[in-house]
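Asks:
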Amino acid sequence: MAGKHHARGARELSAPALGVVMNLPMISLLLLVLAYPVVYAGYLSLHQVGIAQLRRGVFPWNNWENYTRLFDDPLFALALKNTILFTVLVVVVEVILAIGIALLLNQASLWTSRLARLLILIPYGVPPITNGLIWSFLYSFQFGFLNRILFSLGLINDPVNWAGNPDTALYAVAVAYIWRTLPFAVLIIHAALQGIPRELLEAATVDGANAWQRFRAITLPLLTPVIVVILILRTSFAFAVFEEILAITQGGPGDASFVAAWYTYKLTFSPPNNIGMGAASAYVLALLVGLFAIAYVRLIYRRIA
Amino acid sequence: MEPRGLPRLLMHLANGLVILFIMLPIVAVVLGSLQPEKTLQGESRRVIPSEWTFDNFRVILTQGEQKGRIFEQATYLPDNIKSFYRAFANSLIVALGVTLLTVGFGALSAYTVARLKLHWALWLMQANVVARFLPAIVLMIPLYVMVRSLGQLNTLHAVILTETGFLLPYSVVILVPFFANIPADLEDAARIDGCTHFQAFWRIILPLSAPGLAACAVIMFIISWHELLIPLILNSRPEFMTLPVIVASLVGDVHVFFNLLMAICLLSLLPTVILVALLQRYVVEGLSAGAVKG
Numbered sequence: 001m002a003g004k005h006h007a008r009g010a011r012e013l014s015a016p017a018l019g020v021v022m023n024l025p026m027i028s029l030l031l032l033v034l035a036y037p038v039v040y041a042g043y044l045s046l047h048q049v050g051i052a053q054l055r056r057g058v059f060p061w062n063n064w065e066n067y068t069r070l071f072d073d074p075l076f077a078l079a080l081k082n083t084i085l086f087t088v089l090v091v092v093v094e095v096i097l098a099i100g101i102a103l104l105l106n107q108a109s110l111w112t113s114r115l116a117r118l119l120i121l122i123p124y125g126v127p128p129i130t131n132g133l134i135w136s137f138l139y140s141f142q143f144g145f146l147n148r149i150l151f152s153l154g155l156i157n158d159p160v161n162w163a164g165n166p167d168t169a170l171y172a173v174a175v176a177y178i179w180r181t182l183p184f185a186v187l188i189i190h191a192a193l194q195g196i197p198r199e200l201l202e203a204a205t206v207d208g209a210n211a212w213q214r215f216r217a218i219t220l221p222l223l224t225p226v227i228v229v230i231l232i233l234r235t236s237f238a239f240a241v242f243e244e245i246l247a248i249t250q251g252g253p254g255d256a257s258f259v260a261a262w263y264t265y266k267l268t269f270s271p272p273n274n275i276g277m278g279a280a281s282a283y284v285l286a287l288l289v290g291l292f293a294i295a296y297v298r299l300i301y302r303r304i305a
Numbered sequence: 306m307e308p309r310g311l312p313r314l315l316m317h318l319a320n321g322l323v324i325l326f327i328m329l330p331i332v333a334v335v336l337g338s339l340q341p342e343k344t345l346q347g348e349s350r351r352v353i354p355s356e357w358t359f360d361n362f363r364v365i366l367t368q369g370e371q372k373g374r375i376f377e378q379a380t381y382l383p384d385n386i387k388s389f390y391r392a393f394a395n396s397l398i399v400a401l402g403v404t405l406l407t408v409g410f411g412a413l414s415a416y417t418v419a420r421l422k423l424h425w426a427l428w429l430m431q432a433n434v435v436a437r438f439l440p441a442i443v444l445m446i447p448l449y450v451m452v453r454s455l456g457q458l459n460t461l462h463a464v465i466l467t468e469t470g471f472l473l474p475y476s477v478v479i480l481v482p483f484f485a486n487i488p489a490d491l492e493d494a495a496r497i498d499g500c501t502h503f504q505a506f507w508r509i510i511l512p513l514s515a516p517g518l519a520a521c522a523v524i525m526f527i528i529s530w531h532e533l534l535i536p537l538i539l540n541s542r543p544e545f546m547t548l549p550v551i552v553a554s555l556v557g558d559v560h561v562f563f564n565l566l567m568a569i570c571l572l573s574l575l576p577t578v579i580l581v582a583l584l585q586r587y588v589v590e591g592l593s594a595g596a597v598k599g
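Top to bottom, those sequences are chains A and B. Residue numbers are given in the working numbering: position 248 of the first sequence equals residue 248, and the series is strictly consecutive. In short: position in the second sequence from 1, add 305, done, that's the working numbering.
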C-alpha cells in the first residue's frame, strides 16, 4: 500500500458526492425495475389493456371501469377473503410453532434438539414451486403419500381427499406453505433466545419461578420485538402466496382456494388477458401489503432512534 | 437448567415430531422418485415399494435418449423434461448473474448507508425496507408490458436485471449491519494515512466484511434459484426457461406421473438444499442480519 497514497483532498470526492456516485447503479436499477413499474401499473389499471391494445400500442382510458368491475366480481371478494384467512392462519400457527420449536432447539443437552437444529434449515433450501409439487404428491387422493402412511398405520380405511375437498384445500396449501417458511421464523427467534442472559433466568429459578413463569416474565417480553418483526414480514409475504397454490390446487377445487395473487395472475396472463383489470387487482394487493410495510419501517426505526 | 425426568422425555418426543414434520416431504420425494409408475399406481396403499429403479433419473439426465425399462412403452415425454440441462444452465447463469450484481451494487450502496453519515442515507434505507415488501405479482404486470414493448421477452438478461432490481433492496438490508459493525477506528486510521473514502471501502471495509458478503451472496443465490414468477412471465420459449419454470410447466400434465415428477423435484431442490447444508452458518447470519438488525 505504501507509495500509492494520494494527498488528502487532491482527488477525493466529498462524502455526499461519493454517496451519490456509489448509489448510482442501485438507484437507476430501482427506478427502472421498481419505481417506474409501480407508477406504470397505476396507469395500466386506469386504461383498457388487452392483447389487442398491446399489439396496437394504444391504451384507451376507460373511466375506472377496471376497478368498478373488480369490486363487482364475487371471485375477487372470495380471493380477498381466502387471502386474509390464509394469512391469519399461517401467521398465527407459524409464530406459535416457531416459539415452541426455538425453545426446544435451545436445549443443547438433548441430542434430539441438536439433531433437529441440524435439520431445521432444510426447507429454506427447497424452491417454492418444487415444495408445492411435492405436497401435491403427499396430498394426492388416489396415490398420495399421506394416505399411504395412514393406510399402513391402519388409521384410515378410505383415502382422504386432502387438497381436492373445497373445505380443506386452503388448509392443505397452508400446511405446505408453513413447512417451507417455518425455518426462517424459528431461526430468528432462536437467535434472539441466544441474546437472553442466562443469569436472568437462573436468578428467577433461585427465586422459585417455574418454567412457565420464567417464560411469561422474562423470555416472552424479551422476544416480543422479534415476534412483531416476524408477524409483519410473514403477513406481507403470505398475502402474496402463489407457487404453492399453483402447484397444489390451482385455485380449486372450483374456486375454493382462489387467493389474490392467483386471481391477479389468472386475470392477466391467461386468456382473455385482461391486463388492465389485473393491474387494478395488483394495486389493491400492493396497497394492503404497503400498509404492513409502513408499519414495519416505523417500528424498526423507532427502536433505532 | 437441564431438564430431567418426564419433561426431558416430553422434549425428546416433541423433537421427534419436529424432525418427522421436517423430513416428511423429503422422504416422500425420495421414495416417489426411486420407484416405477407401476408400483406407485398398483401399490397405492404401501409406503415402501416392492420395486426400486433409477430410470426416472436416467430418462431426465439423458434427456429422453435412454428411456430405461420402465419407460419402454412410453411414447410421450414432455419436451420440457428433455430440456433439463438447458434449464439447469439457465438457472445457473441467472442465479450467478443476480448474485454478482446484487452483492456488488448492494455493497456500494450499503457502504454509503452504513459509513458515510449522509442525512439522506436513512431515507434510502427506509425505501429499501419498503421495497422489499412489494409482491412480485404487482410489478410483473407493468414489467411484462415494458419488456414486451422493448422486444426483450425470452432473454436471460431481462430476467437477470429484473431479479437484480427485486433483490437489491434486500441485499442492502443484509449488508448494512455487517458494514456498520466494523470499528470506526480502523477506517479513521486509514483516512489519516491518506486513504480516500473509496479506498477505505475497498481495502478495509470489504475484506473485513467477507463473512457478511458471503452470507448475502448465499441468500441471493438461493432466492434467485427459487424465483418462479419473473422467468415464468418473461420467458415462454423452452430454450430460455429456468428450472422452476420447467417444474411449474409439469403441473397438470396428465401424461407425467408422480415418479417422474418427484425425480425432477429432487433434482431441482438438491443444489440449494446442499448449499444451505454446507453454508448453514452464513445463511443463519445473513437471515438474522437482514431481519432484525436492519
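Even glycine gets a Cβ: it sits at the ideal position worked out from N, Cα and C.
1) Under 8 Å Cβ-Cβ, which residues of chain B neighbour I120 of chain A?
2) Going by CA-CA distance only, name the one from B:G456, B:R542, B:L491, B:L444 that's closest to A240 of chain A.
3) Using a Cβ-Cβ distance cut-off of 8 Å, determine whether M525 of chain B contacts chain A.
4) Taking its Cβ as the centre, do 16 or more other Cβ atoms sit within 10 Å of W135 of chain A, making it buried, or is it exposed?
5) What separation, rounded to the nearest whole angstrom, lies between the Cα atoms of A98 of chain A and L182 of chain A?
6) Would A594 of chain B be called buried (16 or more neighbouring beta carbons within 10 Å of its own) or exposed?
7) Of all the residues that make up the stretch 345-360 of chain B, which are near chain A by a beta-carbon distance shorter than 7 Å?
8) Report the option in B:Q368, B:W357, B:P383, B:L555 whose CA atom is closest to the CA atom of I375 of chain B.
9) Whole-angstrom Cβ separation of E590 of chain B and A520 of chain B, contact assumed at under 8 Å?
10) Under the rule that 16 or more other beta-carbon atoms within 10 Å means buried, what is Y381 of chain B, buried or exposed?
11) Give the interface partners of T404 of chain B over in chain A, defined as CB-CB distance under 7 Å, in chain order.
12) Can you name the residues of chain A whose CB is closer than 7 Å to the CB of I538 of chain B?
13) Run the CB neighbour count on H424 of chain B, radius 10 Å, all protein chains shown included, and call it buried at 16 or more, exposed below.
14) Quick one: what's H47 of chain A bridged to in DSSP?
15) Grab me the residues of S388 of chain B's own chain with a C-beta within less than 8 Å of its C-beta, minus the 5 sequence neighbours each way, in chain order.
16) Enumerate in chain order the residues of its own chain whose CB-to-CB distance from F362 of chain B is below 6 Å, with the five nearest sequence positions on each side excluded.
17) Look at the alpha carbon of V38 of chain A and the alpha carbon of G19 of chain A, and state the distance between them as a whole number of angstroms.
18) Can you find a C-beta in chain A that's less than 8 Å from the C-beta of I375 of chain B?
19) Assign K387 of chain B to one of three DSSP states: helix, strand, or coil.
20) May I have the straight-line CA-CA distance separating A305 of chain A from A436 of chain B, to the nearest angstrom?
21) Which bits of chain A does E307 of chain B rub up against, with CB to CB less than 7 Å?
22) Taking its Cβ as the centre, do 16 or more other Cβ atoms sit within 10 Å of Y139 of chain A, making it buried, or is it exposed?
23) By Cβ distance below 7 Å, which residues in the same chain neighbour A102 of chain A in space, the five residues on each side in sequence not counted?
24) Would you mind telling me which residues of chain B sit closer than 8 Å to Q250 of chain A, beta carbon to beta carbon, in chain order?
25) Rounded to whole angstroms, what's the CA-CA distance from L70 of chain A to K81 of chain A? Just pull it up for me.
26) Verify whether the separation of the beta carbon atoms of P128 of chain A and L533 of chain B is less than 8 Å.
27) Using the Cβ count rule (16 or more neighbours within 10 Å means buried), how would you classify T407 of chain B?
Replies: On the basis of the supplied data:
1) Those within 8 Å of I120 of chain A in chain B are V323, I327.
2) The candidate whose alpha carbon is nearest that of A240 of chain A is B:L444.
3) For M525 of chain B, not one C-beta of chain A is nearer than 8 Å to its own C-beta.
4) Label assigned to W135 of chain A: buried.
5) Rounded to the nearest whole angstrom, the C-alpha separation of A98 of chain A and L182 of chain A is 7 Å.
6) By the neighbour-count rule (16 or more Cβ atoms within 10 Å), A594 of chain B is buried.
7) Under the 7 Å Cβ criterion, the stretch 345-360 of chain B contributes L345, Q346, S349, R350, R351, V352.
8) If we check each option's Cα against that of I375 of chain B, B:W357 comes out closest.
9) With a Cβ gap of about 5 Å, E590 of chain B and A520 of chain B count as contacting.
10) Result: exposed.
11) Under the 7 Å cutoff, chain A gives no residues; its nearest Cβ is about 15 Å from T404 of chain B.
12) Taking the beta carbon of I538 of chain B as reference, the chain A residues within 7 Å of it are F269, listed in sequence order.
13) Burial call: exposed.
14) DSSP output for H47 of chain A lists A:W61 as bridge partner(s).
15) Cβ-Cβ distances below 8 Å link S388 of chain B to Q368, P543, E544, M546, I551 in the same chain, with the five nearest sequence neighbours on each side left out; the list follows chain order.
16) Correct list, in chain order: A568.
17) In a straight line, the C-alpha of V38 of chain A is about 25 Å away from that of G19 of chain A.
18) Taking Cβ atoms only, chain A never reaches closer than 8 Å to I375 of chain B, which makes this a no.
19) In the structure shown, K387 of chain B sits in a helix (DSSP, three-state: H, G or I).
20) Residue confidence for A305 of chain A is low, a pLDDT of 49 falling below 50, so the modelled location carries little weight and cannot support an answer.
21) Simply S109.
22) Buried, because 16 or more other Cβ atoms sit within 10 Å of the Cβ of Y139 of chain A.
23) Residues of the same chain with a CB within less than 7 Å of the CB of A102 of chain A, apart from the 5 flanking positions on each side, are V186, I189, H190, L193 in chain order.
24) Within chain B, the residues V556, G557 have their CB atoms less than 8 Å from the CB of Q250 of chain A, given in chain order.
25) The C-alpha of K81 of chain A is placed about 14 Å away from the C-alpha of L70 of chain A.
26) Pairing P128 of chain A with L533 of chain B gives a Cβ-Cβ distance under 8 Å.
27) If you draw a 10 Å sphere on the C-beta of T407 of chain B, you find 16 or more other C-beta atoms in it, and that means buried.
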